[in-house]
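Heads up: the structure comes next, in structure tokens.
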């Protein structure tokens, strides 16, 4: 974990309003100096302008306090869920929130070292009592029982990433924190700029692709929500209303769902059309504009609707990790499932119809699949043990979704044994259990590989499952030579398949890609360190080199797609890999001094990450976006024949399958007898 916290140097208000690039010089930027204007900070709620020098001084003081809190292990007290950083202060209950905030301040300052003088204490008190910091502290504390308050009860002590939604939009008409949330008006500037027929195509594109693997929404409801939004924005009229004038709309769940679906849909296939950067910029703009509806909604239609929204945000966060905290949202979704009893079959006394029961199952299993994939990537405890779940699978018509559920249940069984101390079945030796799980994985692949969609590749899942089965773990710190060889080959195979997806995949999710790559790279390092004889007996030095270098290429490819922090792990991997490859080239079983106890310790830290691991593997704060020319929405017309059969969103066109792995055939049996 970093030993010192840093704060960003912010642009000035004048440059932001004029849409100029600010050089952020202190105490005044060059543009303000040239214009002989006051260089003031950005503050949407301040009654008067604040010089940037004062703003930067406060930022420095906050960074100093955060560093002290970090060193004392108290920083998590003042950390809030990323998605809640902009929650309106009206959500807090007056007196109760003040008491809780005071209590949190006591905790936050209790671990800080003694203060040198009275002036420092006054300065700390003024900072800790500021409205912005109080909002952050309050967001970590429970202050309500409704579904919309669930995220507020999630503490951030084990979060693997730190990311913030963009600055609060100035397009919010109502800024009075005591105003009725139902009266808040939002300006849909970005949404109105997209032609209605393009929105229809993008909505249908999501329903025909991503919805198949994550069917937690109801298609007919999504169609109805789109029609409601279209009616408000005039898309159903013969001539679409002009987008020049303002058209504020009341915060709406319908708008929220449409925004989130569009934010995901505009990224689909963007790697292959040469406009990925522009599509991602549009996607983030849609998300930031649409998420204001989440903050401003007075209530949700139902608890299920709230959970569906959280799953949509979670799905988008795996695409754009800076938008929200994946770990927090996944935990919140599973906790909500438990509160609503979705993990159990409903009793007859609830008198639910078939459609309601089916929806409960689909929503739960979608949350389950996301939770298992995220927890396994982070090696963190599973949210809900499988023994507590008795809800049935969705209807068989939900393939490939059913195949994903079965796979995640297999992966969950492996994780429970390897990492959570669950005993293997009575009468089985460890090798017998490994053989049984290998057979179950191969049976799953044989049964579900044909139904697997192009972005949920069965070969990749098979390879990753074999790697998880044979990798080292607290249960088996040093696997057998056969297991080390299988884990090495499975990890390399998964990355070979994954590389095509990282570069040109239809539905790319950098968060999962980065963590899967780091996980597999660490396993490869361990196998080269402790399974040298088995690996070199099967593979030549050139083959080992090619397989090992896949991970560096994948790290750098992910970094090039907007996550530069990942390149740090490429450097760590290369530094640990060098001495291991040298031993392979020299055919010398003895390791040199370059890989000593310090390197072994570092490797074990990567292999068994603690709660604060991946501190550097973060999607940093959103940088100022480059100004693009007006967006050419005809870019989305290229898929017209594939995704659409007309302008009616309800029409379902046949899907054209696209392969995830476009390379050579994959040997998922790994050739080991």
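Numbering (the numbering used here), first residue to last: 2 to 674. Even for Gly, the Cβ is constructed at its ideal location relative to N, Cα and C.
Inset, instruction - Identify every residue that forms a DSSP beta bridge with residue 41. - result: Beta-bridge analysis with DSSP links residue 41 to 52.
Legend entry - CB of residue 260 within 9 angstroms of CB of residue 292, strictly: Taking the C-beta atoms as reference points, residue 292 is found nearer than 9 angstroms to residue 260.
Inset, instruction - Select from 211, 449, 581 and 553 the residue whose C-alpha is nearest the C-alpha of residue 1. - result: In the structure displayed, the chain extends from 2 to 674; residue 1 sits before or after that span and is not available.
Inset, instruction - Just grab the DSSP bridge partners of residue 250 for me. - result: Its beta-bridge partners are 187.
Inset, instruction - Could you check what DSSP says for residue 579 in three-state terms: helix, strand or coil? - result: DSSP, reduced to helix, strand and coil, places residue 579 within a helical segment of the structure shown.
Legend entry - Proximity below 9 angstroms, CB of residue 383 to CB of residue 328: Against a cut-off of 9 angstroms, the Cβ pair of residue 328 and residue 383 comes out as no contact.
Legend entry - CB of residue 189 within 9 angstroms of CB of residue 256, strictly: It is a contact, given that the beta carbons lie within the stated cut-off.
Legend entry - Given residue 65 as reference, the closest of 128, 341 and 331 once Cα atoms are compared: Nearest to residue 65 by C-alpha distance, out of 128, 341 and 331, is 128.
Inset, instruction - Determine, using beta carbons only, whether residue 534 and residue 482 come nearer to each other than 9 angstroms. - result: With respect to the 9 angstroms criterion, residue 534 and residue 482 are classified as neighbours on the basis of their beta carbons.
Inset, instruction - Keeping to the same chain, check which residues put their C-beta closer than 7 angstroms to that of residue 515; ignore five residues upstream and five downstream. - result: Sequence-distant partners of residue 515 (beyond 5 residues in either direction) whose C-beta falls short of 7 angstroms from its own C-beta, in its chain, are 559, 564, 567 and 618.
Inset, instruction - Report all residues from its chain with a CB closer than 6 angstroms to the CB of residue 376; omit the five preceding and five following residues, and keep chain order. - result: 383, listed in sequence order.
Inset, instruction - Take the Cβ of residue 326 as the centre, count every other Cβ of all protein chains shown within 10 Å, and call the residue buried at 16 or more, exposed below. - result: Within a 10 Å sphere around the beta-carbon of residue 326 sit 16 or more other beta-carbons, which makes this residue buried.
Inset, instruction - Give the secondary structure of residue 447 by DSSP, where H, G and I count as helix, E and B as strand, and everything else as coil. - result: In the displayed model, residue 447 falls within a helix according to three-state DSSP.
Inset, instruction - Report the three-state DSSP secondary structure of residue 409 (helix, strand or coil). - result: Under the three-state reduction of DSSP, residue 409 is assigned to helix.
Inset, instruction - Measure the Cβ-Cβ separation of residue 208 and residue 507 and say whether it is below 9 angstroms. - result: Against a cut-off of 9 angstroms, the Cβ pair of residue 507 and residue 208 comes out as no contact.
Inset, instruction - Report the residue from 585, 392 and 479 whose alpha carbon sits nearest the alpha carbon of residue 361. - result: Nearest option by C-alpha distance: 392.
Inset, instruction - Using three-state DSSP, classify residue 291 as helix, strand or coil. - result: Reduced to three states, the DSSP call for residue 291 is helix.
Legend entry - Reduced DSSP category for residue 33 - H, G, I as helix; E, B as strand; rest coil: Of the three classes helix, strand and coil, the one that applies to residue 33 here is helix, per DSSP.
Inset, instruction - Assess, as a yes-or-no matter, whether the region 532-550 is touched by the region 569-584 under the definition of 3 or more beta carbon pairs within less than 8 angstroms. - result: Because the criterion of three Cβ pairs below 8 angstroms is met, the region 569-584 and the region 532-550 touch.
Inset, instruction - Could you check what DSSP says for residue 470 in three-state terms: helix, strand or coil? - result: If DSSP states are grouped into helix, strand and coil, residue 470 belongs with the helices.
Legend entry - Pair within 9 angstroms by beta-carbon distance, residue 191 and residue 312: Not closer than 9 angstroms, so no.
Legend entry - Residue span of the alpha helix (DSSP H) that contains residue 500, given as start and end: Counting along the chain, the alpha helix (DSSP H) containing residue 500 begins and ends at 482-505.
Inset, instruction - Give the single residue among 41, 62 and 61 whose Cα lies nearest to the Cα of residue 53. - result: Nearest of 41, 62 and 61 to residue 53, Cα basis: 41.
Inset, instruction - Could you work out which residue in 594, 591, 340 and 503 is closest to residue 557 when comparing CA atoms only? - result: Sorting 594, 591, 340 and 503 by C-alpha distance to the C-alpha of residue 557 places 503 at the top.
Inset, instruction - State the Cα-Cα distance for the pair residue 486 and residue 364, rounded to the nearest angstrom. - result: Cα atoms of residue 486 and residue 364: separation of roughly 38 angstroms, rounded to the nearest angstrom.
Inset, instruction - With DSSP collapsed to three states, give me the class of residue 303. - result: It is coil, neither helix nor strand.
Legend entry - Alpha-carbon spacing of residue 345 relative to residue 385, whole angstroms: Distance between the alpha carbons of residue 345 and residue 385 is about 12 angstroms.
Legend entry - Classification of residue 355 by the beta-carbon crowding that lies within 10 angstroms, buried from 16 upward: With fewer than 16 other Cβ atoms within 10 Å, it is exposed.
Inset, instruction - Look up residue 691 in the DSSP assignment and say whether it is helix, strand or coil. - result: Lying outside 2 to 674, the shown extent of the chain, residue 691 is not represented and no answer is given.
Legend entry - Helix, strand or coil at residue 86 [DSSP, three-state]: Interpretation of residue 86 is limited by its pLDDT of 38, a score under 50 that renders its predicted location unreliable; the figure taken from the coordinates is listed afterwards. If DSSP states are grouped into helix, strand and coil, residue 86 belongs with coil.
Legend entry - Cβ pair residue 335, residue 266 closer than 9 angstroms: Going by beta carbons, residue 335 and residue 266 fall outside the 9 angstroms limit.
Inset, instruction - Inspect the CB distances between the region 191-201 and the region 292-301 and report whether three or more fall short of 8 angstroms. - result: With a cut-off of 8 angstroms, the region 292-301 and the region 191-201 do not count as touching, because too few Cβ pairs lie within range.
Legend entry - alpha helix (DSSP H) segment containing residue 513, residue limits: Note, residue 513: alpha helix (DSSP H), 511-531.
Legend entry - Sufficient close CB pairs (3 or more, under 8 angstroms) joining the region 422-435 to the region 365-375: They do not touch, by the three-pair rule.
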